[in-house]
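Asks: Numbering (the working numbering), first residue to last: 8 to 181.
Input: one structure, supplied below.
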Ligand SMILES: CC(C)(COP(=O)(O)OP(=O)(O)OC[C@H]1O[C@@H](n2cnc3c(N)ncnc32)[C@H](O)[C@@H]1OP(=O)(O)O)[C@@H](O)C(=O)NCCC(=O)NCCS
């Protein structure tokens, strides 16, 4: 399996991958989000990676830039969405995409990465809900709103509220 940055020719396959990974109910909205984010200038700078085997794209991850209102000097991204093709789940593809993405963001001088997701999955990478940055929209499950510092003590020294890209800010995604 190879991990590389996504390009314009991957967009349709990335959309289809999200339909498959998230299923009939959630798939269409998440697929649309992934495609919209790739074209959203307010999401820039953005990091989009795909995992591919010999014939197809089997995983995709997107990190888009966010502003932390109240700590504007902080360089921060949000991880969303992440998808692994249903036939390739539970084999470390998600882990490989997350780890590669975090390393690349660290190399680019990123201080913080946010994610809204299942703590059982994301805690293992170092994401925690013990931070002082609010999500863009009020959430019923605070434990699912997590952050991870890639530099020093960014987690302790940052407070405020995340402002994310236009396409991701739509309430249906929160
Ligand atoms: C969630 C997802 C990205 C994980 O990627 P993956 O390549 O299947 O998972 P990995 O091989 O990296 O990790 C497997 C581990 O994650 C756990 N895991 C997988 N999906 C999980 C989920 N939705 N919630 C909690 N834990 C999960 C597995 O139980 C396994 O745990 P173990 O190592 O203790 O046995 C992938 O399964 C997927 O695309 N699912 C459908 C879409 C989705 O729910 N995306 C939301 C991400 S928050």
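Cβ coordinates follow ideal geometry from the N, Cα and C atoms, glycine included.
(1) By the three-class DSSP mapping on this structure, what secondary structure does residue 51 have?
(2) Per the DSSP calculation, residue 170 is bridged to which residue(s)?
(3) Suppose you measure from the CA of residue 90 to the CA of residue 26; what does that come to, to the nearest Å?
(4) Use the C-beta contact count for residue 148: other C-beta atoms within 10 angstroms, 16 or more gives buried, fewer gives exposed.
(5) Hey, would you say residue 151 sits closer than 9 Å to residue 125, going by beta carbons?
(6) Just reading off the beta strand (DSSP E) that residue 84 is part of, what are its end residues?
(7) In terms of DSSP beta bridges, what is residue 181 paired with?
(8) Assign residue 66 to one of three DSSP states: helix, strand, or coil.
(9) Residues with a Cβ closer than 6 Å to any heavy atom of ligand 1, in chain order?
(10) I need the boundaries of the alpha helix (DSSP H) containing residue 41, first residue and last residue.
(11) For residue 116 and residue 158, I'd like the C-alpha separation in whole angstroms.
Replies: The structure says:
(1) Mapped onto the chain shown, residue 51 falls at position 44. Residue 51 falls in the coil class under three-state DSSP.
(2) Working through the chain shown from its first residue, we reach residue 170 at position 163. Looking at the DSSP assignment, residue 170 forms a beta bridge with 74.
(3) Counting from one through the chain shown, the residue named residue 90 turns up at place 83. Counting from one through the chain shown, the residue named residue 26 turns up at place 19. The straight-line gap from Cα to Cα measures roughly 9 Å.
(4) Taking the chain shown and counting its residues from 1, the one referred to as residue 148 is at position 141. Under this definition residue 148 is an exposed residue.
(5) Position 144 of the chain shown, counted from the start, is the residue given in the question as residue 151. Position 118 of the chain shown, counted from the start, is the residue given in the question as residue 125. In contact: residue 151 and residue 125 (Cβ atoms closer than 9 Å).
(6) Start at 1 with the first residue of the chain shown, and residue 84 comes out as number 77. First-last of the beta strand (DSSP E) with residue 84: 83 to 91.
(7) The residue labelled residue 181 in the question sits at position 174 within the chain shown. Note: residue 181 sits in no beta bridge, so no partner.
(8) Residue 66 sits at position 59 when you count from the first residue of the chain shown. Residue 66: strand per DSSP, three-state reduction.
(9) 28, 29, 89, 90, 91, 96, 97, 98, 99, 100, 101, 102, 124, 125, 127 and 128
(10) If you number the chain shown from 1, residue 41 lands on position 34. Note, residue 41: alpha helix (DSSP H), 18 to 46.
(11) Counting from one through the chain shown, the residue named residue 116 turns up at place 109. Counting from one through the chain shown, the residue named residue 158 turns up at place 151. Taking the straight line from one Cα to the other gives about 8 Å.
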